[in-house]
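Asker: Residue numbers (the numbering used here): 74 to 175.
We put the CB at the ideal spot given by N, CA and C, even for glycine.
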Amino acid sequence: MSATIEFALVAPAVAVMIGVALAAVGTAGESMRLADAAGAAARAAGRGDDPGALAQRLVPGSRVEVSGDDPVCVRLGRTVALGWLRSGLDLSARSCAPGGGL
Numbered sequence: 074m075s076a077t078i079e080f081a082l083v084a085p086a087v088a089v090m091i092g093v094a095l096a097a098v099g100t101a102g103e104s105m106r107l108a109d110a111a112g113a114a115a116r117a118a119g120r121g122d123d124p125g126a127l128a129q130r131l132v133p134g135s136r137v138e139v140s141g142d143d144p145v146c147v148r149l150g151r152t153v154a155l156g157w158l159r160s161g162l163d164l165s166a167r168s169c170a171p172g173g174g175l
């Protein structure tokens with residue numbers, strides 16, 4: 074009987090901890106994807122290509138800000154929706170690359 078009560082008390086806490094861990098792993102993966110896309114977009118901007126088109130292809134729905142000429146810097150931002158939070162989590166990544174078509 075006491076094992077059933079203990080399980081009933083512990084099971085929801087374990088479920089919440091697993092949910093938080095899965096959300097953290099997903100958010101970390103999205104952050105790495107955003108950082109990789111920012112680097113690729115910065116290199117594209119340095120070559121004179123359109124960094125926004127590349128960023129949208131790699132991370133759909135991302136916000137793109139380009140600044141500078143040499144070095145050219147690209148900041149990507151994206152809001153990641155977490156199911157258990159009403160508002161999402163804002164992620165951003167910034168990368169710079171030499172300009173001038175190098």
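Select from Gly172, Val132, Leu131, Gly102 the residue whose C-alpha is nearest the C-alpha of Cys146.
Answerer: Residue mapping note: residue 146 aligns to position 73 of the sequence shown, counting from 1. Selected option, being the one with the closest Cα: Gly172.
Asker: With burial defined as no fewer than 16 other Cβ atoms inside 10 Å of the residue's Cβ, what is the status of Val137: buried or exposed?
Answerer: Numbered from 1 along the sequence shown, position 64 holds the residue referred to as residue 137. Val137 comes out buried.
Asker: Contact defined as beta carbons within less than 8 Å: I believe Ser135 pairs with Gly119. What is the distance between those atoms, to the nearest angstrom?
Answerer: In the sequence shown, the residue the question calls residue 135 occupies position 62. In the sequence shown, the residue the question calls residue 119 occupies position 46. Actually they do not touch by this definition, with Cβ atoms about 19 Å apart.
Asker: Could you give the uninterrupted runs of the alpha helix (DSSP H) lying entirely in the stretch 134 to 159, keeping only those of 4 residues or more?
Answerer: Listed in chain order, nothing qualifies, since the stretch 134 to 159 has no complete alpha helix (DSSP H) run of 4 or more residues.
Asker: Identify which residue in Asp142, Val93, Val98, Gly99 has its Cα closest to the Cα of Ala115.
Answerer: Here residue 115 refers to the residue found at position 42 of the sequence shown. The shortest Cα separation from Ala115 among Asp142, Val93, Val98, Gly99 belongs to Asp142.
Asker: Around the Cβ of Pro23, are there at least 16 other Cβ atoms within 10 angstroms (buried) or fewer (exposed)?
Answerer: As displayed, the chain neither begins before 74 nor continues past 175, which places residue 23 out of reach and without an answer.
Asker: With DSSP as the reference, identify every bridge partner of Leu164, one or two as the case may be.
Answerer: Start at 1 with the first residue of the sequence shown, and residue 164 comes out as number 91. Arg151.
Asker: Less than 7 Å separating the Cβ of Met105 from some heavy atom of the ligand MG?
Answerer: Only the bare structure without any ligand can be found here, which leaves the ligand MG out of the picture.
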